[in-house]
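Presented below is the structure to which this report refers.
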Amino acid sequence: MSTHSTSGNTTLDEVTGEPLGGANASTVPAAEHKGSGPLPPRRRRAGSVPRTRLTVALLGLVLPVLLLLVWHLLSTNGFYSPVQLPQPSAVLGAGWELLRSGDLWVHVGISTQRVVVGFMLGSALGLAVGALVGLSPWARILAGPTVGALRAVPSLAWVPLLLLWIGIGENSKVTLVAIGAFFPVYTTVSAALQHVDGQIVEAARSFGIRGVRLFTTVQLPAVLPAVISGLRLALAQAWLFLVAAELLGSSMGLGFLLTDSQNNGRTDRLLLAIVLLAVLGKLTDALIGVFERWTQHRWGSAPAT
Numbered sequence: 164m165s166t167h168s169t170s171g172n173t174t175l176d177e178v179t180g181e182p183l184g185g186a187n188a189s190t191v192p193a194a195e196h197k198g199s200g201p202l203p204p205r206r207r208r209a210g211s212v213p214r215t216r217l218t219v220a221l222l223g224l225v226l227p228v229l230l231l232l233v234w235h236l237l238s239t240n241g242f243y244s245p246v247q248l249p250q251p252s253a254v255l256g257a258g259w260e261l262l263r264s265g266d267l268w269v270h271v272g273i274s275t276q277r278v279v280v281g282f283m284l285g286s287a288l289g290l291a292v293g294a295l296v297g298l299s300p301w302a303r304i305l306a307g308p309t310v311g312a313l314r315a316v317p318s319l320a321w322v323p324l325l326l327l328w329i330g331i332g333e334n335s336k337v338t339l340v341a342i343g344a345f346f347p348v349y350t351t352v353s354a355a356l357q358h359v360d361g362q363i364v365e366a367a368r369s370f371g372i373r374g375v376r377l378f379t380t381v382q383l384p385a386v387l388p389a390v391i392s393g394l395r396l397a398l399a400q401a402w403l404f405l406v407a408a409e410l411l412g413s414s415m416g417l418g419f420l421l422t423d424s425q426n427n428g429r430t431d432r433l434l435l436a437i438v439l440l441a442v443l444g445k446l447t448d449a450l451i452g453v454f455e456r457w458t459q460h461r462w463g464s465a466p467a468t
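Quick note: the sequence shown uses the working numbering, first residue 164, plus one each step.
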């Protein structure tokens, strides 16, 4: 496309005959644009996602409030008996009863402790074994099939064996939680390390970066989004395996509260235990989110999806 100038220093397009930059580009000086006041705010596109944290948090409460409303309607209009589905107020009353007796903090505290310790042990081991399998073809050949087979074992299948080997106590419960946390981290780390850009690794090696330093400064930051996703899955698995551990052979914890409430016909306490597990799971997942933002600030990695 060619252009030519006319009088008044206006540049025209030879094909259309219009001034370049739009119809008003030659008649409105740039100074007038600057002095005509601030531009009107841009309209949000239809269907765009809210960005402010407060808006996101408030929208996230919509579904729980609706579920609570449905629960209240079902429990007060005769759809279910109080034994089958107690009212939300009855569940709150059960929580207040346990809080006053001090049992609530005991159950919550011991379950949280088991999850945290087991999650940290299982995640650390999963990171180590996943890194070994992901970086070493020999380790992948030798250990990959065995670990993949063990991953398919249900959580309850480990309980009798752990009770036989370790006995009834904290060690068996923490070990079961660690088993649940191990496999998601192992799977994501080993798979992600196999797909790290080889050119980045070779460039680092050309600068003399090798061994552990290569892993901590190049390969691990490259797979951080996958590691964060693995940690989130591991945390969810840790809570699942915790309940399996506490359902069989425990006298404290939220899993014990579930079975004890069922045996005594306390559906209100049973629902309370379920709500507490959901809340604690969300709170601990939020801690993973804090760690994710710290890693993004530290290494500039993309957020995990």
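Note that the Cβ used here is the ideal one computed from N, Cα and C, for glycine as well.
Note that the structure is predicted; figures quoted are calculated from it, not measured.
Of all alpha-carbon atoms in E365, W402, Q250, P317, the one lying nearest the alpha-carbon of V381 is that of E365. Across the structure, H460 and F454 are spaced so that their CA atoms are roughly 10 Å apart. Residue environment for I273: buried (at least 16 other C-beta atoms within 10 angstroms of its C-beta). Residue state for Q250 is assigned as coil, using DSSP reduced to three classes.
Rounded to whole angstroms, the gap between the alpha carbons of G265 and G416 is 13 Å. Remark: C-beta atoms of V348 and A397 approach each other more closely than 8 Å.
When the beta-carbon positions are compared, A257 and D431 come within less than 8 Å of each other. In the structure shown, the three-state DSSP call for H358 is coil.
In this structure, the alpha-carbon of V271 lies about 28 Å from that of L290. The DSSP-derived three-state label of V386 is coil. Below 8 Å, enough C-beta pairs join the region 337-354 and the region 316-326 to call them touching: three or more.
C-alpha of V438 to C-alpha of R216: approximately 24 Å in a straight line. With a 10 Å radius around the Cβ and a threshold of 16 neighbouring Cβ atoms, S244 comes out exposed.
When DSSP states are grouped into helix, strand and coil, A366 belongs to the helix group. Linking W457 to L434 through their CA atoms gives a straight-line distance of about 35 Å.
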